[in-house]
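So the structure is just underneath, and the comments pick up after that.
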Amino acid sequence: MGMDFSPLWVSLKTSLAATIFAFITGIIAAWLIAGYKGRFKGLIDSILTLPMVLPPTVVGFILLVILGKNSVIGKLLNNIGYNLIFTWQAIVIAASVVAFPLMYKTSRGAFEQIDRNIVDAARTLGVCEWKIFIKVCVPNAWPGILAGTVLAFARALGEFGATLMVGGSMLGKTQTIPIAIYFASEGGNTREAYIWVGIIFGISLMVMAAVNYWNDRQQKNSSSGIGGK
Amino acid sequence: MKLKNLFVFMALTGVLFTAGCSNTPAKKVDLTISAAASLKDAMGEITELYMTENSNVTITTNFGSAGALEQQIEQGADVDVFVSAAQKQMDALADKDLLQKDTRIDLLGNKLVLIVPKDNTEITGFEDLTEDSVKAVAMGEIESVPVGQYAQDTLTSLGLLDQIAPKAVYGKDVKTVLNWVETGNADAGIVYFTDAEGSDLVKIAATASEDTHKPIVYPAAVINTSTELEASKAFLDFLSSHEAVKIFEKYGFEFKG
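Taken in order, these protein sequences are the chains called A and W. Heads up: the first sequence runs through residues 26 to 254, numbered per this note's numbering. Heads up: the second sequence runs through residues 6 to 262, numbered per this note's numbering.
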């Protein structure tokens, strides 16, 4: 029986796109919230973290309600001849939404660990906030940001529930590896399911190995340099 | 230590509880029925009726695609009676010797239809699905959802499969397919006649000619591993009773006997 390998590319493409979205929005949100001292901090933080704790089916349901053909946004898009549900864009949105909290949470933690004195020193030197963010905060929080990125990628790669709900299972378009595994297993194609499971194992191990290698090198570099604080 | 006390308490209350029940004449029976998703409404009503008539029986129903249910049974799920929407899944269980001997029957028949959202007037037949304005055609997943297999048969016989496959959206069971069309997220869908009948939000655009697909038959059988063989057989018999058949026919199924 011939096996279609398109889910591999769909999965990689989707996870990569979702990671990029989550990376940019997650870091910015983390930086803004880390610096925000207002009384809604807890509430905003909860809302931003919500997709991580909600069941994926709830995320899928909400996305269907917001983006479906009969929703306000759906109708608007339909008028300009565009449809989101059952497209690749829809599953990128689903994956981005669930990946975002991991990026946001991890980077926020990293930002809050930065020594305030460094940031204040930069301020006294008259560096503008954006430059502080780019030149001071991000480099100092880098290990945390990297960890967040890897977690976000892994979560996007593993996304199943919301993806199936908004993307259906269109071969070559919205059928990701987790969905291929699900249907292979339900359909009794154990061999195909094993192959996909093997591929997912491979990708996951490779990503983790790359991160570990990179972390080790980072640590060696910093210890062979000035030698800590 | 606390936890241990809790266990003792639970064990004691359990003993008291079962002792209390032993006075009732008929023994308590728990049955688990796995049935194809398309049977959800009809089977729900029938099990309710059965439980009212047999107060000692408690039935738990489990609905899903026949493929998913078959896999669960193969992996050792505690199921007493299985009603599939196609022979393929029942055959697979028979091959693995999981069916109770001589209990397998062909229970029901159904028809395959093309449905569209109520307000759609453009699609009136299967060949209209090839139009460019049709972006998403909802179907059951081919390997695990029987209605998907039947739909593929029909599209193949009509010579339309190659053109429609790129816009096919595969759902995990027939109810998902129905929902996609009801919400307008899919432009059309291929489901059973009974599902279309049960929804006010869709209309039937065409009915597939019976010679375009394998006959739609719902086989039913008692599963070998059932610990309640007699009660399971009694329930299976009830499915062919006059009362049950009336309910099946109300929902649009054809009784095979």
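For every residue, glycine included, the Cβ atom is placed at its ideal position computed from N, Cα and C. Model, not experiment: these values are computed from the prediction.
As the crow flies, the alpha-carbon of A:A209 is around 8 Å from that of W:E148.
Below 8 Å, too few C-beta pairs join the region 239–248 of chain W and the region 130–141 of chain W to call them touching: fewer than three. Just measuring C-alpha positions, the residue of A:N103, A:N108, A:F65, A:A166 sitting nearest A:I53 is A:A166. Within the region 203–215 of chain A, the residues whose Cβ lies closer than 8 Å to any Cβ of chain W are, in chain order, Y207, F208, A209, S210, E211, G212, G213, N214. Going by beta carbons, W:T37 and W:T57 fall outside the 8 Å limit.
Listed along chain A, no residue sits closer than 7 Å to W:T129 by beta-carbon distance, the nearest being about 21 Å off. Residue ranges of uninterrupted beta strand (DSSP E) with 3 or more members are absent from the region 90–121 of chain A; none lies entirely inside it. Per the C-alpha coordinates, the member of W:A191, W:S89, W:V207 positioned closest to W:F198 is W:V207. It is roughly 10 Å from the alpha-carbon of A:L57 to the alpha-carbon of A:F136. Residues of the region 159–177 of chain W whose Cβ lies closer than 9 Å to any Cβ of chain A, in chain order: A170, P171, K172, A173, V174, Y175, G176, K177.
Between W:A73 and chain A, the shortest Cβ-Cβ separation is below 8 Å. Around W:T188, the beta-carbon contacts reaching into chain A at under 8 Å are L89, G93, K94, N95.
Measuring C-alpha to C-alpha distances from W:K180 to each of W:P220, W:A40, W:K33 identifies W:A40 as the nearest. From the beta-carbon of W:Q76, the residues of chain A found nearer than 7 Å are S210, E211, G213. Rounded to the nearest whole angstrom, the CA to CA distance from W:S245 to W:A225 is 11 Å. In this structure, W:V86 lies near W:I228, with their beta-carbon atoms less than 8 Å apart. Contact between W:A71 and W:F253 does not hold, since their C-beta atoms are separated by about 17 Å, which reaches or exceeds 8 Å. W:A191 sits in coil when the DSSP states are folded into three classes, being neither helix nor strand. Going by DSSP, W:M144 is part of the beta strand (DSSP E) stretching over 142–145. Following the DSSP letters along the chain, one finds A:A179 inside the alpha helix (DSSP H) bounded by residues 167–183. DSSP places W:A236 in no beta strand (DSSP E) but in the uninterrupted alpha helix (DSSP H) bounded by 234–244.
Sequence-distant Cβ neighbours of A:T112 in its own chain, meaning closer than 8 Å and more than five residues away, are G192, K198, T199. Under the Cβ distance rule, A:F111 counts among the residues neighbouring chain W, one pair being separated by less than 8 Å. Around the Cβ of A:K62, a 10 Å sphere holds fewer than 16 other Cβ atoms; the residue is exposed. Contact of A:L189 with chain W by beta-carbon distance below 8 Å involves K177.
Around W:R109, the same chain offers M95, A99, P224, A225, A226 as residues with beta carbons nearer than 8 Å, after the five sequence neighbours per side are excluded. Restricted to the region 82–116 of chain W, the beta strand (DSSP E) segments that are unbroken, complete and at least 3 residues in length are 86–88, 110–114, listed in chain order. DSSP places W:Y223 within a strand segment (E or B) once states are collapsed to three.
Any Cβ of chain W closer than 8 Å to the Cβ of A:N104 would place that residue at the interface, and such an atom is absent. The Cβ-Cβ distance between A:M128 and A:A187 does not fall below 8 Å. The Cβ neighbour count for A:K94, taken over all protein chains shown within 10 Å, is at least 16; the residue is labelled buried. Among the CB atoms of chain W, none fall inside 8 Å of the CB of A:M28.
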